[in-house]
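Numbering (the working numbering), first residue to last: 1152 to 1681.
See structure below.
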């Protein structure tokens, strides 16, 4: 079955043979022992949830709690068999395949992206396999043990001897297959298959093994800041010698069909693995109806199929009969009902406004004004200095290049600034704010925009570069006028950092009214416009 964005991970994926290890303690903080969830049928949290494309999203902060003697935090699945910890031998063997992408990673203090582990074969106290994503490269390590004194680094290679390059947000599939002393790893990315094989050496025969998949950070708060996140689109494990279920035929990459080797998985082996999300504004195809307004305002009649409407005048309207339709406009345009996507063309500074449905609006190379109106909309500025407004609904806004302004307005929105020095408004309800590249400013103009039990989240705040603007908030509601916040200390209007949250009591009742989740404990007074 297709992945759904409206259900919990355990409803999209068969997770009966997995448990989850989380980077927080039982109270949701970072002081106690890590949390382990064995029943994932209905579980969801900030660290384990369903993404907007239906993916299983796993997230971990660098300051998170760790498991056992580990140094780094994780949000990671651990294999079970019949509700108990898996413990299979080399002779029994096994195969695992995972389709996924790395969404983002922590940043080291010298500005480099940190490495993360996305899959493992664990044996006793050692890792037979640790598979890494590191700054666009993917490789794996055969861990040391009592016989092998050092970790052994291994690369994936294609038939021409080339190694893979996998960027952030790029979907790829990997598989592990072990039987006896034969170990084969396969990676599929960019339409190419890469492999790596070894004969398992000494010191492993008396181990009991299990698979792990998800996110295991390769750094902590001593050397880096921020969080990592991965999205999983399919996962499957076998111990019966059978191949893992293939991708659907619509997927561009077909893995080799070798007996006993897992190919690309489906949703826990129970449904259809979706391909990577398609570009939001594909060009017309031979199967689409193309209708143009001829350079003047007129009514364009659609078909019941997938139509492309070429719009060049703001008074043009569309009457649509169904299908998934795109309007490509070179002028200001308000979307007609029934048109799902508006893609602004060229480089002029033109504007796009949505309808009452769930719209996709894509800017051009100019400075655009994009507004979603009602519905759950997706807005993308692309080039230029754009202004994006979500209005009602749970919206996704991506600034792209340029110095952009993003305001989610009502709804639980996700704002991503992209490149450039962007301004992000944490408006009403509970929003996720990501500045990404550049020196970004996060603005809050009302207490209702980030409060206790409905805190906005800044996912990647960088002290010394980004700013939080609280100048419009009254720090003391017991007095007339507009009072400024005070950094540190206690009492009315004093901003303090507690468990990664920037909080303040505004009325003297001893309870925190303002609450902003920073996901990082590194902030100083100069980062805040009081």
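Beta carbons are placed, not taken as given, at the ideal position from N, Cα and C, and that holds for glycine.
Small disclaimer: the values here were computed from a predicted structure and weren't measured.
Ends of the beta strand (DSSP E) at residue 1274? Going by DSSP, residue 1274 is part of the beta strand (DSSP E) stretching over 1267–1274.
Can you check whether the CB of residue 1590 is closer than 8 Å to the CB of residue 1572? yes
Determine the direct distance from the alpha carbon of residue 1388 to that of residue 1164, and round the result to whole angstroms. 12 Å
In or out: residue 1155 buried (at least 16 other Cβ within 10 Å) or exposed? Exposed is the call here.
Own chain residues within Cβ distance below 7 Å of residue 1601, not counting five before or after: 1577, 1595, 1607, 1665, 1666, 1667
Could you tell me which of 1238, 1309, 1251 sits nearest to residue 1276, measuring between CA atoms? 1238
Would you decide whether residue 1585 is buried or exposed? Buried here means 16 or more other CB atoms lie within 10 Å of its CB. buried
So, is residue 1684 buried or exposed, given that buried needs 16 or more other C-beta atoms within 10 angstroms? Residue 1684 lies beyond the range of the chain shown here (1152 to 1681); nothing can be said about it.
Mind checking residue 1153: buried by the 16 CB within 10 Å criterion, or exposed? exposed
State the DSSP-derived secondary structure class of residue 1473, mapped to helix, strand or coil. coil
Pick from 1483, 1344, 1312 that is closest to residue 1323, judged by C-alpha positions: Minimum Cα distance to residue 1323 is reached at 1344.
Nearest to residue 1233 by CA position, among 1609, 1166, 1475, is which residue? Checking every option, the nearest Cα to that of residue 1233 belongs to 1166.
Neighbour-count burial assignment, residue 1135, 16 or more Cβ in a 10 Å radius: Lying outside 1152 to 1681, the shown extent of the chain, residue 1135 is not represented and no answer is given.
May I have the straight-line CA-CA distance separating residue 1545 from residue 1229, to the nearest angstrom? 32 Å
Buried or exposed for residue 1533, going by 16 or more other Cβ atoms inside 10 Å? buried
In three-state DSSP terms, what is residue 1156? coil
Going by C-alpha to C-alpha distance, which of 1484, 1491, 1445 sits closest to residue 1458? 1491
Beta-bridge pairing of residue 1185 - partner residues as DSSP gives them: None, per the DSSP bridge assignment.
List the DSSP bridge partners of residue 1484. As computed with DSSP, residue 1484 is found in a beta bridge with 1503.
Quick one: residues in its chain with C-beta nearer than 8 Å to the C-beta of residue 1176, no 5 flanking neighbours on either side, listed in chain order? 1182, 1183, 1184, 1185, 1186, 1216
Through-space distance from residue 1466 to residue 1207, alpha-carbon basis: 42 Å
Rounded to whole angstroms, what's the CA-CA distance from residue 1406 to residue 1339? Just pull it up for me. Unreliable positioning characterises residue 1406 in this predicted model, as indicated by a pLDDT of 31, which lies under 50. A coordinate reading is not provided.
With respect to the beta strand (DSSP E) encompassing residue 1668, which residues constitute its N-terminal and C-terminal limits? Run containing residue 1668: 1665–1668, per the beta strand (DSSP E) assignment.
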